[in-house]
Amino acid sequence: MSEELVGWTSAPNVRGTIDIIWSCIFVVFLSTWTTLHVNVPPVKKSPLWRLQSKALLMGVGLIAPELVATCAFTELRTSLTVRSHMRDLAYEDWSLAQSFFVAMGGYMLRFNEDYKPISAENFIKWQRSGIIRVDRFTDQSKGLHLPGSVVELPWISKKDIASRGKADVLLKGIACAHIGWLLVQYIARRVQSLATSSLEALTVAYIICALFSYAAWWKKPYDLELPMATTVFPEHEVAFLLEDKPSSISMIDDPDLPLLHDVLWTYIIPCTAAVLAFSALHFLAWNDHFGTLTEEWLWRASAVLFVWFHLVFLAFAAYMEKYMKIPPTAANLAIIGNCAEVKGVWYLFHGLKFLTFGNSNATLNRIDEVLLSKWQSDYATNWPLVVFFDTHTICYFAGRFFVLIEAFASLRRAPAGLYENVNWSGFIPHVH
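So that you can map any letter, position 119 of the sequence shown is 119 in my numbering, and since no number is skipped, the others follow by simple counting.
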């Protein structure tokens, strides 16, 4: 009996569970890894240390991608400030990429066999004070040609920045292609009323955060490994700033520091926007199928909690404005330190430091230290506020972990329509 012969045969119009899982995992891992634009690592650190540091940040990005987006927007704002400052000094061709180089610790000072990065805040402040300056003609191989009272930082061009970092254009291209394809498929399934999984909805939320980060870090050098080090001699005024470590209280008594109000809202706006965008995307799975009714309502409760948590944070920041419209001097902080609810100011600043991976400017760090030292001894009157924020924080992260687990667990019992492929021919207009 001869074998049956067939002609052209179409592929089954279905997809498997493993197809959904692997495509989502691949897109999340690839987009998270390529999104991360880490700062310049400390000098004398091994490549393994750098890889471990980036892997750690990737872990943070996988658990809470909104933090990466927040960090990206914060660095973008800082870099725009640096660019504006440099153009005010008549460096009209100073670019955003060069500003990112400053913000990510690209300029370092070599003093007493130690390397210390120049923060963006000090880069601006020390130039205004005449302590440092950027010189187009300074020898880049030496950083500083002669000792003197002013530290001359070498000019860094776009070509120099590119030579010090990596350009994984191919990897980013692959990531963008996969991101685009998954988004197109998800939208097409919604248009054709096909079932979608909570894992796909969560992946879309990750993708949106990745796109926000891509946009903010578009001009930031990728994996910059070599800083531009400048030798500092004892004659330089900046040498004393590097050698001495004034206390937080003395450091914060600075007439040039902005109001607490200005510092806070500089960070609050981008932070809240990024976090709320990610949180709201969990509502995409509001009507998706879950294994049990309990899981369905836990997902919905988590989605509401994510948005509620950050709206409470934003509302509390607005309420605390009356304590922030004062110069951030040690004396003024001592005056408001007697108020019980002012503990919340420290929570706001400490929360912002966490959201920016510690990359916030030195002003924010110093204010945080002063507020903490003043209110650690006042727990008795502040404990309701402490309990309020700690409870919300615990619930928030509990919800985040539940969502991660449930995104996979929900696939154990899914509607048959989830495995139907998109009918792409349905989007082609029929010719009559």
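Don't be surprised by glycine CBs; every beta carbon is placed ideally from N, CA and C. This one's a predicted model, so the numbers in the text were calculated from it and none came from an experiment.
{"Asked": "Every unbroken beta strand (DSSP E) within the segment 68-154, with a cutoff of 3 residues, ordered by chain", "Found": "107-111, 114-117, 132-135, 151-154"}
{"Asked": "Three-state secondary structure assigned by DSSP to residue 509", "Found": "Past the boundaries of the shown model lies residue 509; the chain is included only from 1 to 432, so the question cannot be answered."}
{"Asked": "Neighbour-count burial assignment, residue 98, 16 or more Cβ in a 10 Å radius", "Found": "buried"}
{"Asked": "Reduced DSSP secondary structure (H/G/I, E/B, other) of residue 4", "Found": "coil"}
{"Asked": "Simplified DSSP state of residue 17, which is helix, strand or coil", "Found": "helix"}
{"Asked": "Whether residue 108 touches residue 37 by CB criterion (9 Å)", "Found": "no"}
{"Asked": "Residue 420 - DSSP class collapsed to helix/strand/coil", "Found": "strand"}
{"Asked": "Exposed unless 16 or more other CB atoms sit within 10 angstroms - verdict on residue 384", "Found": "exposed"}
{"Asked": "Burial state of residue 302 (16 or more Cβ within 10 Å)", "Found": "buried"}
{"Asked": "Through-space distance from residue 185 to residue 422, alpha-carbon basis", "Found": "7 Å"}
{"Asked": "Same chain, Cβ closer than 6 Å to residue 40, five either side skipped, listed in chain order", "Found": "104, 105, 106, 224, 227"}
{"Asked": "Cβ-based burial, residue 13 [other Cβ within 10 Å; buried from 16]", "Found": "exposed"}
{"Asked": "Residue 162 to residue 397 span [Cα, whole Å]", "Found": "38 Å"}
{"Asked": "Segment contact, 8 Å Cβ cut-off, at least three pairs: the segment 67-79 with the segment 289-300", "Found": "no"}
{"Asked": "Reduced DSSP category for residue 216 - H, G, I as helix; E, B as strand; rest coil", "Found": "helix"}
{"Asked": "Separation of residue 402 from residue 414, as counted between CA atoms", "Found": "18 Å"}
{"Asked": "Contact between the segment 206-216 and the segment 55-75 (3+ Cβ pairs under 8 Å)", "Found": "yes"}
{"Asked": "Whole-angstrom distance between residue 51 and residue 199, CA atom to CA atom", "Found": "28 Å"}
{"Asked": "Exposed unless 16 or more other CB atoms sit within 10 angstroms - verdict on residue 83", "Found": "buried"}
{"Asked": "Distance, residue 425 Cα to residue 56 Cα", "Found": "44 Å"}
{"Asked": "Cβ neighbours of residue 132 in the same chain (closer than 8 Å, five flanking residues each side left out)", "Found": "118, 123, 126, 150, 151, 152, 153, 238"}
{"Asked": "Residue 182 versus 400, 20, 307, 288, residue with shortest Cα-Cα distance", "Found": "20"}
{"Asked": "Where residue 354 falls: helix, strand or coil (DSSP)", "Found": "With a pLDDT of 49 at residue 354, under the threshold of 50, the modelled position of this residue cannot be trusted; read the value that follows with caution. Three-state result, residue 354: helix."}
{"Asked": "Burial state of residue 156, where buried means 16 or more other Cβ atoms lie within 10 Å", "Found": "buried"}
{"Asked": "C-alpha gap between residue 308 and residue 179, whole angstroms", "Found": "29 Å"}
{"Asked": "Reference residue 277; option with closest CA among 116, 59, 70, 25", "Found": "70"}
{"Asked": "Residue 191 to residue 230 span [Cα, whole Å]", "Found": "58 Å"}
{"Asked": "Where residue 173 falls, given that 16 or more other Cβ within 10 Å makes a residue buried", "Found": "exposed"}
{"Asked": "The beta strand (DSSP E) enclosing residue 285, as first and last residue numbers", "Found": "Taken as a continuous stretch (DSSP letters only), residue 285 belongs to no beta strand (DSSP E), as it is neither H nor E."}
{"Asked": "Residue of 416, 15, 187, 213 minimising C-alpha distance to residue 201", "Found": "187"}
{"Asked": "Residues near residue 95 in its chain [Cβ-Cβ closer than 8 Å; skip 5 each side]", "Found": "83, 158, 219"}
{"Asked": "Contact under 9 Å by Cβ, residue 75 with residue 100", "Found": "yes"}
{"Asked": "Close Cβ partners of residue 408 (< 8 Å) along its chain, the five nearest in sequence each way excluded", "Found": "21, 199"}
{"Asked": "Closest by C-alpha distance to residue 433, when choosing among 90, 410, 170, 176", "Found": "Residue 433 cannot be examined here, being either before or after the span of the chain that is shown, 1 to 432."}
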